[in-house]
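The sequence shown begins at 5 in the working numbering and counts up by one. Down below is the structure, laid out as structure tokens.
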Amino acid sequence: MIHTTDGRYVKIVEVLPINFLHRSASEQRNIIYSYIGYLKIAPPELQIKSISKKADIGLYIEAVKQDIEAEPDERCRMLQKDYIKLLRSVGYREAVTRRFFLVFSVDGRRGTESEIAATLNSYAQTAKKYLYQCGNEVETSDNPTQDMVEMLYLLLNRKTSATVSLSQRLNQVAEWYIRENGEESTGRIPVAEYFAPERLDFRHGNYVIMDGVYHTYLFVPSARYRNRVRPAGCPFLSMRGRVLTWTFFYINRIRLRLLSALEGESG
Numbered sequence: 005m006i007h008t009t010d011g012r013y014v015k016i017v018e019v020l021p022i023n024f025l026h027r028s029a030s031e032q033r034n035i036i037y038s039y040i041g042y043l044k045i046a047p048p049e050l051q052i053k054s055i056s057k058k059a060d061i062g063l064y065i066e067a068v069k070q071d072i073e074a075e076p077d078e079r080c081r082m083l084q085k086d087y088i089k090l091l092r093s094v095g096y097r098e099a100v101t102r103r104f105f106l107v108f109s110v111d112g113r114r115g116t117e118s119e120i121a122a123t124l125n126s127y128a129q130t131a132k133k134y135l136y137q138c139g140n141e142v143e144t145s146d147n148p149t150q151d152m153v154e155m156l157y158l159l160l161n162r163k164t165s166a167t168v169s170l171s172q173r174l175n176q177v178a179e180w181y182i183r184e185n186g187e188e189s190t191g192r193i194p195v196a197e198y199f200a201p202e203r204l205d206f207r208h209g210n211y212v213i214m215d216g217v218y219h220t221y222l223f224v225p226s227a228r229y230r231n232r233v234r235p236a237g238c239p240f241l242s243m244r245g246r247v248l249t250w251t252f253f254y255i256n257r258i259r260l261r262l263l264s265a266l267e268g269e270s271g
């Protein structure tokens with residue numbers, strides 16, 4: 005759980021995707037109806053975030069090489085070697101991994117920290133129940149703090165995270181603190197140090213340079229896109245670009261007004 009400077013508490017959970025385009029028309033329709041059912045009872049404020057990054061196919065190529073060594077048929081080995089050539093020529097340019105997240109938030113004025121934590125956990129459990137009907141799994145972790153740090157590290161350090169793992173970054177930060185402040189300072193390292201970019205440049209009006217990568221941010225208001233789209237519209241959006249990050253902001257204003265009214269009466 006993250007406590008932001010503006011008084012909100014935030015919980016992020018990862019959702020494992022399905023290949024929607026490979027489902028039959030009836031399966032796609034059922035998935036959409038199940039998803040609509042979730043949105044009807046979803047929290048009043050919800051973010052759906054997708055993060056894309058260039059995939060590392062080196063391990064996959066090594067696995068294919070091991071298969072070649074164990075393959076007795078010479079013709080199959082030739083096909084596997086051609087497959088490796090294809091991966092190297094196309095995969096390094098086009099291979100992309102995508103991760104999907106749900107972001108829940110609660111105003112800090114809505115209760116004690118333990119009450120808010122219980123509310124956020126209930127949001128996550130409800131999402132897990134309803135999205136399971138869509139074929140998705142909501143990942144639960146024994147160490148949510150580490151998972152959240154890893155996600156923020158990936159999001160804010162697009163260039164560095166491709167070559168430096170989170171565990172290596174943790175060691176680097178500890179070494180910096182020991183060098184600057186002594187060994188006893190490692191027990192007082194703020195968690196934000198582990199995922200904060202080493203360099204940020206906000207001097208330009210149309211873009212931001214973060215970790216050596218140029219970022220631009222585009223906003224599409226709800227009145228500027230169609231209310232009715234084809235079922236596979238979102239998968240096509242998620243496949244646009246190798247380093248594209250997109251976020252849907254879902255706000256149920258009726259539920260927000262109802263919650264405010266109930267809190268006013270109870271207060």
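All C-beta atoms in this analysis are idealised placements derived from N, C-alpha and C, irrespective of residue type, glycine included. Given the structure is predicted, the values throughout are model-derived calculations rather than measurements.
When the options are compared against residue i, the one with the closest alpha-carbon
i, options, result
"Arg12", "Asn185, Ser109, Asn125 and Phe105", "Ser109"
"Asn256", "Tyr87, Asp215 and Pro48", "Pro48"
"Ser38", "Arg79, Leu135, Val68 and Ala128", "Leu135"
"Val217", "Leu83, Ala166 and Leu174", "Ala166"
"Thr130", "Met155, Ala46 and Val224", "Ala46"
"Thr101", "Ser145, Lys58 and Thr116", "Lys58"
"Leu222", "Tyr211, Asp10 and Arg232", "Tyr211"
"Glu154", "Val195, Ser226, Asn125 and Gln32", "Val195"
"Leu170", "Arg183, Gln150, Trp180 and Val17", "Gln150"
"Gly112", "Asp10, Gly209 and Val224", "Asp10"
Contacting residues, own chain, Cβ-Cβ under 6 Å from residue i (five flanking each side not counted)
i, result
"Phe252", "Ile52"
"Tyr42", "Tyr134"
"Ala178", "Thr190"
"Tyr254", "Leu50"
"Ser28", "none"
Same chain, Cβ closer than 8 Å to residue i, five either side skipped, listed in chain order
i, result
"Thr249", "Lys53, Ser54, Ile55, Ser56 and Leu159"
"Thr123", "Val110, Arg114 and Gly115"
"Val94", "none"
"Thr144", "Val17, Ala128 and Lys132"
Cβ-Cβ separation, residue j to residue i (assumed contact under 8 Å), whole Å
i, j, result
"Ser215", "Arg203", "Here the sequence assigns Asp to residue 215, which means Ser is not the residue at that position. At roughly 7 Å, the Cβ-Cβ gap stays under 8 Å, so Asp215 and Arg203 are in contact."
"Arg81", "Ile88", "Their Cβ separation, rounded to whole angstroms, is 11 Å, which puts Arg81 and Ile88 out of contact at 8 Å."
"Asp205", "Ile193", "That belief does not hold up - the Cβ atoms of Asp205 and Ile193 are roughly 24 Å apart, past 8 Å."
"Ala128", "Met5", "Rounded, the Cβ-Cβ distance is 11 Å, inconsistent with contact."
"Leu91", "Ile65", "6 Å"
"Arg152", "Ile16", "Reading off the sequence, residue 152 comes out as Met, not Arg. Met152 to Ile16, Cβ: 6 Å. Contact."
Close beta carbons around residue i, own chain, < 7 Å, minus the five adjacent residues each side
i, result
"Thr8", "Val14"
"Gln84", "Val68, Asp71, Ile72 and Glu75"
"Tyr181", "Ser189, Thr190 and Ile193"
"His219", "Tyr211 and Val212"
"Arg274", "The displayed coordinates of the chain run from 5 to 271. Any statement about residue 274 would go beyond what the structure contains."
"Glu78", "none"
"Pro148", "none"
contact_flag[the segment 133-146, the segment 15-23] where n(CB pairs < 8 Å) is 3 or more: yes
The segment 44-54 touching the segment 105-121, judged by at least three CB pairs closer than 8 Å: yes
Completely contained alpha helix (DSSP H) runs for the segment 98-180, where each covers 4 or more residues: 117-136 and 148-160
Stretch pair the segment 187-202 + the segment 150-161: three plus CB contacts closer than 8 Å: yes
Unbroken stretches of the beta strand (DSSP E), 3 residues or longer, contained in the segment 70-98: none
3-residue-minimum beta strand (DSSP E) runs that sit fully inside the segment 14-60, ordered along the chain: 49-58
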